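Here is the structure we will look at.
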Amino acid sequence: QQPVQSPQAVILREGEDAVINCSSSKALYSVHWYRQKHGEAPVFLMILLKGGEQKGHEKISASFNEKKQQSSLYLTASQLSYSGTYFCGTRGGSNYKLTFGKGTLLTVNP
Amino acid sequence: DAMVIQNPRYQVTQFGKPVTLSCSQTLNHNVMYWYQQKSSQAPKLLFHYYDKDFNNEADTPDNFQSRRPNTSFCFLDIRSPGLGDAAMYLCATSRDRAGGQETQYFGPGTRLLVL
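Quick note, the sequences are listed as chains A and B, same order. Residue numbering for the first sequence is 1 to 110, as defined by our numbering. Residue numbering for the second sequence is 111 to 225, as defined by our numbering.
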């Protein structure tokens with residue numbers, strides 16, 4: 001089942017922060033975050049495994065609450081290069097399939 | 111650099127004319143995936159190979175088939191492309207399917223246009 005991402009789109013000025021949420025109605029084993037720029041392939045940002053861990057990648061970090069079946073991606077002090085569509089991909093327990101949300105379009109303006 | 115390579119980057123075919131897209135990887139990963147992504151939509155898994163074991167998604171049309179002759183290469187065959195098959199086709203690989211080894215790395219994609 002496709003995870004739900006929110007918001008669908010967000011516009012920031014350089015230096016501002018943003019949070020992108022991903023939630024599922026089913027139990028999750030792992031959550032994967034990707035950024036995709038227009039016409040390019042998705043680029044892996046981070047993976048969060050069952051266990052409620054929080055990971056960081058430069059000024060981008062994420063958390064995973066397995067009880068709530070939710071993950072959030074935090075972008076701090078956004079840069080122009082952060083612009084793109086952010087997808088979360090979720091995987092259930094015994095299912096190897098990664099199902100992607102519809103994406104969140106992030107635009108960072110000068 | 112270890113990577114996932116897709117050829118060609120752009121492919122134009124005619125309605126009903128078979129087409130093959132290729133993917134190769136130097137990561138020596140066990141798993142290779144094919145996704146279809148239409149404009150402004152999420153990537154949709156078509157099928158994946160776990161080593162030589164082929165795993166088809168239930169809703170993947172029979173028109174789409176795949177071959178993996180060895181660890182490094184995987185092909186997507188579209189037997190009779192329709193206008194609705196125009197999309198970006200993404201190949202991805204992962205070391206394994208679970209245990210924290212399931213991170214997928216995507217190739218640059220092949221954009222297919224059907225005339």
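All C-beta atoms, glycine included, are put in the ideal place defined by N, C-alpha and C. Values in this document were obtained by computation on a predicted structure and should not be read as measured data.
Check whether the Cβ atoms of B:P128 and B:R189 lie closer than 8 Å to each other. Numbered from its first residue, the second sequence carries residue 128 of chain B at position 18. Numbered from its first residue, the second sequence carries residue 189 of chain B at position 79. For B:P128 and B:R189, yes; Cβs fall inside 8 Å.
Cβ closer than 7 Å: which chain A residues qualify as neighbours of B:Y120? Along the second sequence, one-based indexing puts residue 120 of chain B at 10. Residues of chain A passing the Cβ test: none, with the nearest at roughly 11 Å.
With distances taken between CB atoms, is the gap from B:V224 to B:P171 smaller than 8 Å? Counted from its first residue, the second sequence places residue 224 of chain B at position 114. Counted from its first residue, the second sequence places residue 171 of chain B at position 61. Against a cut-off of 8 Å, the Cβ pair of B:P171 and B:V224 comes out as no contact.
Near B:T213, which residues of its chain fall below 8 Å by C-beta distance, leaving aside the five closest residues on each side in sequence? On the second sequence, residue 213 of chain B is found 103 positions in, with the first residue counted as 1. Hits under 8 Å: S204, R205.
Would you please state the rounded distance, in angstroms, between the beta carbons of B:F183 and B:S176? I believe it to be under 8 Å. For the purposes of this step, residue 183 of chain B is identified with residue 73 of the second sequence, where counting begins at 1. For the purposes of this step, residue 176 of chain B is identified with residue 66 of the second sequence, where counting begins at 1. That pair is no contact at about 11 Å.
Along the chain, where does the beta strand (DSSP E) containing B:T123 start, and where does it finish? If you number the second sequence from 1, residue 123 of chain B lands on position 13. Looking at the DSSP string, the run of the beta strand (DSSP E) that includes B:T123 is 120 to 123.
For B:D163, write down the residues that DSSP places opposite it in a beta bridge. Counting from 1 along the second sequence, the entry for residue 163 of chain B is found at position 53. B:D163 is bridged to B:Y160.
Between the segment 150 to 172 of chain B and chain A, which residues of the former have CB atoms less than 9 Å from a CB of the latter, in chain order? S150, Q151, A152, P153, K154, L155, H158, Y160, N165, E167
Enclosing beta strand (DSSP E) for B:R178 [first to last residue]: Counting from one through the second sequence, the residue named residue 178 of chain B turns up at place 68. Per DSSP, B:R178 belongs to no beta strand (DSSP E) and is neither H nor E.
Once the 5 residues before and after A:V19 are set aside, which same chain residues still bring their CB inside 8 Å of it? To locate residue 19 of chain A, count along the first sequence from 1; it is residue 19. S72, L73, Y74, L75.
Opposing strand residues paired with B:L186 [DSSP bridges]: Taking the first residue of the second sequence as position 1, residue 186 of chain B is located at position 76. BP columns for B:L186 point to B:L131, B:S176.
When Cβ atoms are compared, which residues of the segment 172 to 197 of chain B fall closer than 9 Å to chain A? Per Cβ criterion, the list is empty.
Interface partners of B:R207 on chain A, CB under 8 Å: In the second sequence, residue 207 of chain B corresponds to position 97, counting from 1. Those within 8 Å of B:R207 in chain A are Y96.
Looking at C-alpha atoms only, which residue of A:E16, A:P3, A:Y86 is the closest neighbour of A:A77? To locate residue 77 of chain A, count along the first sequence from 1; it is residue 77. Ranking the options by Cα distance to A:A77, first place goes to A:E16.
Compare the Cα-Cα distances from A:S83 to each of A:Q2, A:L12, A:T107, A:L49 and report the closest residue. The residue labelled residue 83 of chain A in the question sits at position 83 within the first sequence. That would be A:T107, whose Cα lies nearest to the Cα of A:S83.
Would B:G219 and B:Q116 be called neighbours here (beta carbons separated by less than 8 Å)? The count along the second sequence starts at 1 and reaches residue 219 of chain B at position 109. The count along the second sequence starts at 1 and reaches residue 116 of chain B at position 6. It is a contact, given that the beta carbons lie within the stated cut-off.
For A:Q70, which residues of its own chain have a beta-carbon under 6 Å away from its beta-carbon, when the five flanking residues on both sides are left out? As a first step, residue 70 of chain A is located in the first sequence; it is residue number 70 there, counting from the start. Closer than 6 Å at the Cβ level, and outside the excluded window around A:Q70, lie S23.
Residues that B:A197 bridges to, as DSSP identifies them: Residue numbering aside, residue 197 of chain B sits at position 87 when the second sequence is read from its first letter. Looking at the DSSP assignment, B:A197 forms a beta bridge with B:L222.
For B:G210 versus A:L49, is the C-beta spacing smaller than 8 Å? Translated into positions along the second sequence, residue 210 of chain B becomes position 100. Translated into positions along the first sequence, residue 49 of chain A becomes position 49. Result yes, Cβ atoms of B:G210 and A:L49 sit closer than 8 Å.
Can you list the residues of chain A that B:Q146 reaches, using a CB-CB cut of under 7 Å? Sequence index remark: in the second sequence, residue 146 of chain B carries index 36 (1-based). Those do not exist, as B:Q146 stays about 12 Å from chain A at its closest Cβ, beyond 7 Å.
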